[in-house]
Amino acid sequence: MYPRPLLPVLAVWDRTRMTVRLSIIMVVLLVPCMSAVYGFVHFSQGQISFSERESDGNDVLLPALELFGGALAGRRPDLGALNAAMRDNPELFEDGGLDEAHAALTSAAAGETTAGAGRIAFGEALAAFITGVANESNLILDPDLDSFYVMDMEVVQLPRVLLAAARAASPVAPAGAELTGGQAGTALVAEQAVYASELTTVAGNLRTGAETSLANTSDDALAGRLAGVERVAAAAEAIAAALTAGLGTAVAVDPAPLGDAVTAVTGDLYAALGGLIDTRVGGFETEQDTILAITVTGVLLAVYAGVGLWWHTRFHVGHMVAGVQAIAAGDLAPRPLPTGRDEFGDIGRALGTAREKITAQEVDLRAGQDAREQQMAASMSQQQRSEALLRERAKEAIADTASTIAMELTEVADQVERVRTATNRIDGQMASAAEITESVVTKAAEADRVTGALNASLRRVAEMAQVIAGVADQTRMLALNATIEAARAGEMGKGFAVVAGEVKDLATASARSTDQISSTISSLEADVAEMFAAIGGVTDGIGSVNTATLELRQIAADQHDLVQSLDRGVAETLARINNMVDLTDKLERREHPRYPDSGPVTLVVNGERHTGRLVDVSLGGLHCTVPALDRLGPGADVTAELGVSGTTVALAATVVHRAGDDVRLRFLDVSPQVRQKLARHIDTLGNAVP
């Protein structure tokens, strides 16, 4: 079962080839990679553009600060250099944000700029212009600590110190104030004190900014470029000291040294800030170029590896599919397969091994099939010979039994005939004894007793004949059951059916002979009865039957011997017929080969379980030894439980022979599944026989 969250993508993969999947994965991986590269380049270019705009602002600040310093030193300003810098950096002025400041600066430059209020106005216009340039060029947002303090010197501290010096040099009383002479002087002194304080503060800021920049930079040239800052700070402090030297009186100061110091340091500050910005831009460009080079190299390598993987997968998958299709189609000829150390190589080697095993199995199957066919042919031939031998043996057994019974029945008929002859002789003697005296009455009575005994013997013979008739009936039933079993056995039971038919005919003949014997004995009994009546009649008229009585006694003795002989003959005939009952067991044993087996067996008889050991087993029955089976006789139904192919099967069976602990069983109604298991078990036993 597929994971539910993966069903959409798995549905796509199920409908695409392996190479298409790889192409899709390569494109999908390249898209975020290129997006990331684009984002990085865009960000890096933004940083570079930000810093380059700072550099443009620095270019404009240089002439502006030089104008400021020159004006403080008393020189007339020339806006040509400033205007040229503005033209060289037009992007700073595209939005018009500095137009007003530039116009104010131009207007202030047209007036008096070397002293007094005109110089202060020009300085204020320059300070506003410098602040606007710093804002437009991003200098005011400089991100690095070292360049930030250099920018602060240029944009904030230098304009501040220049403007404070200009105002200190030309103090002006507060506008609108009505001051007396003393009050005006006091106001000017206070204003100069404020300027002195501001100059001192800016001087300190300049020194702190220089120290901070030097402490947070890796630019070795920065220290030399910031050396002039100290001169500017010293000049500012000198003006502040001059302003505070005369307490209570206004002091005239000369800002020219400060203006010259600022003009001198402006180039160094420009170079310092430009170098730091260029270093930063160079770092950005180097980082961008390095990452782009690594990314492009990685992408090219990934594309190269992906194309190689695409070709490798397409190549090997094609070979594997062709190999599997060939094996499925039954073509086991050698084909190119992957041989690498990856999964494709493992699959290729597995396919090769499978092909070799299938080839070997086909060879083994062909050999086994040939051997099986030869074995089947030999088995068929052996079966035909066995069936022929079985028929011959059955014919011999039946012929032998039939001839024996015929001979014995003939002897019985002869003996009966002799009895009849003796009876006739008795009748003749009894007729001649009619003239004998009454002295033979006693002996006649003895003859009467002998005749009664003879009649009893004839009745016993009749009973034996009935026993023979019962045996013949059982034989017919046995032949009928054998015919049914032969029909169930199908083709294998045809020979047995012939034997059963012969046994049935023999039983019918035995029954007819028995009927004849019974009829003869009945006639003999009638004759004896008549003889008894004749003797009773002669008892009244015969006087002397001494000689006849002796002869009659001899005849009675002969008759007794004949009856005993007849009894023995009938007993032997019964034994022969009993041997015919065992014929089914003999035929069954000859029909299926038996193989020795010493496994355990359990016989279930009327719910009781009796355990024993097997002697041999066949498809039709088994031979075993089971003790404590005194009440088990031939024809009894049992259930045999034995191990077959690793499982225990229960088989319905009937007892065909038992002698002591020795029991022979014939299976009844074996299912095809159990018969198949039994056949495999017997084959295993047959293969184990040396």
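Per this note's numbering: the sequence shown ends with 700, consecutive numbering throughout.
C-beta: ideal position from N, C-alpha, C; glycine also.
Note that the structure is a prediction, hence the values are computed from the model and not measured.
When you compare the CB positions of residue i and residue j, do they come within less than 8 Å of one another, or not?
i	j	result
Ile130	Ser180	yes
Val272	Leu172	yes
Ser61	Ile357	no
Arg345	Gly333	yes
Arg235	Asp278	yes
Met36	Gly293	no
Leu209	Ala262	no
Ala113	Gly142	no
Leu71	Val160	no
Leu661	Ala650	yes
Leu216	Ser223	no
What does DSSP give as the partner residues of residue i in its beta bridges?
i	result
Phe677	Ala663
Thr649	Val614 and Ala662
Val739	A question about residue 739 goes unanswered here, because the residues of the chain that appear run from 11 up to 700.
Leu624	Cys634
Ala381	Its beta-bridge partners do not exist; DSSP assigns none.
Ala669	Asp672
Pro606	Asp626
Arg690	Bridge partners of Arg690: none, in fact.
Arg619	Val614
I need the boundaries of the beta strand (DSSP E) containing residue i, first residue and last residue.
i	result
Val51	No beta strand (DSSP E) holds Val51; the alpha helix (DSSP H) holding it covers Met28 to Leu82.
Arg746	Summary: the structure shown does not reach residue 746, with the chain confined to residues 11 through 700, and so no result is reported for it.
Leu632	Gly631 to Thr635
Kindly list the residues whose CB is nearer than 6 Å to the CB of residue i, restricted to its own chain and excluding five residues on each side of it in sequence; keep chain order.
i	result
Thr594	Confidence is the limiting factor: at Thr594 the pLDDT is only 49, short of 50, which leaves the residue's position unreliable, though a coordinate-based value still follows. Within the same chain, Thr594 has close Cβ partners Ala492.
Ala187	Its pLDDT being 40, under 50, Ala187 is placed unreliably in this model, and the coordinates cannot settle the point.
Thr123	Ala81, Pro87, Arg129 and Phe132
How long is the line joining the alpha carbons of residue i and residue j, rounded to whole angstroms?
i	j	result
Gly106	Asp156	31 Å
Glu598	Gly480	Because the pLDDT of Glu598 is 46, which lies under 50, any placement of that residue in the model is unreliable, and the number read from its coordinates should be weighed accordingly. Cα to Cα, Glu598 sits roughly 25 Å from Gly480.
Leu723	Ile58	The requested residue 723 does not occur in the structure, where the chain is confined to residues 11 to 700.
Val47	Ile34	20 Å
Val165	Ser147	11 Å
Ala95	Phe103	11 Å
Gln526	Ala539	20 Å
Ala510	Leu490	7 Å
Leu311	Thr29	19 Å
Leu632	Thr658	15 Å
Pro348	Gly49	42 Å
Glu366	His326	20 Å
Ala178	Ala250	9 Å
Gly214	Arg241	12 Å
Val239	Thr218	10 Å
Glu201	Thr211	15 Å
Leu168	Ser54	32 Å
Ala360	Asp352	12 Å
Ser523	Glu535	18 Å
Give the range of the alpha helix (DSSP H) segment to which residue i is assigned.
i	result
Thr300	Ala266 to Ala338
Gly128	Gly126 to Glu146
Leu155	Leu155 to Asp162
Leu232	Leu232 to Arg235
Leu115	Asp109 to Ala120
Gly106	From DSSP, Gly106 is part of no alpha helix (DSSP H); its letter is neither H nor E.
Val22	Leu17 to Asp24
Asp98	Gly90 to Asp98
Please work out which residues of its chain come closer than 7 Å, Cβ to Cβ, to residue i, disregarding the five sequence neighbours upstream and downstream, and give them in chain order.
i	result
Thr621	Pro610 and Thr612
Ser7	Because the chain here runs from 11 to 700, residue 7 falls outside it and cannot be looked at.
Leu115	Ala135, Leu136 and Phe139
Ser655	Lys687, Arg690 and His691
Leu16	none
Glu64	Ser147, Asn148, Leu149, Asp152 and Ile287
Gly645	Thr664 and Val665
Leu342	Arg365, Ile368 and Thr369
So, for residue i: in the same chain, excluding its five sequence neighbours on each side, which residues have a beta-carbon less than 8 Å away from its beta-carbon?
i	result
Leu639	Leu613, Val615, His620, Arg668, Asp671 and Val673
Arg685	Leu629
Leu695	Tyr605, Pro606, Asp607 and Val627
Ala521	Ala479, Ala482, Asp483 and Arg486
Ala689	Leu629
Pro637	His620, Gly622 and Asp671
Leu89	Leu77, Leu115, Thr116 and Ala119
Gly191	With a pLDDT of 43 at Gly191, under the threshold of 50, the modelled position of this residue cannot be trusted, and the question is left open.
Val313	Met36 and Leu40
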